[in-house]
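Peer 1:
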Amino acid sequence: MTTHTAREIDRDGINRLVAKLGDWIIRHPDGRWTIHHQPPQTTI
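What follows is the structure, encoded as structure tokens:
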């Protein structure tokens with residue numbers, strides 16, 4: 009599982025956290041936010 013900090017600023021100037029379905033959004037005690045992306049699906 010990889011960790012990313014993904015943020016984008018929309019046209020209203022609001023800083024938003026960007027994640028996809030299945031991702032974990034973690035808020036750390038120091039106020040940071042990180043995204044743990046879902047690992048790719050594998051087939052057997």
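Residue numbers (this note's numbering): 9 to 52.
Glycine included, each C-beta is placed from N, C-alpha and C at the ideal position.
Since this is a predicted model, take the numbers as computed values, not measurements.
#1: Checking 9 Å against the spacing of the C-beta atoms, do D31 and Q49 come in under that value?
#2: Which residue marks the beginning of the beta strand (DSSP E) containing H44, and which one marks its end?
#3: If you drop the 5 nearest sequence neighbours on each side, which residues of the same chain put their C-beta closer than 6 Å to that of A27?
Peer 2: Working from what's here:
#1: Sequence index remark: in the sequence shown, residue 31 carries index 23 (1-based). Sequence index remark: in the sequence shown, residue 49 carries index 41 (1-based). No, the pair does not count as a contact, with Cβ atoms beyond the cut-off.
#2: Looking up residue 44 in the sequence shown gives position 36. Per DSSP, the continuous beta strand (DSSP E) segment holding H44 begins and ends at 41-44.
#3: The count along the sequence shown starts at 1 and reaches residue 27 at position 19. Closer than 6 Å at the Cβ level, and outside the excluded window around A27, lie I33, I43.
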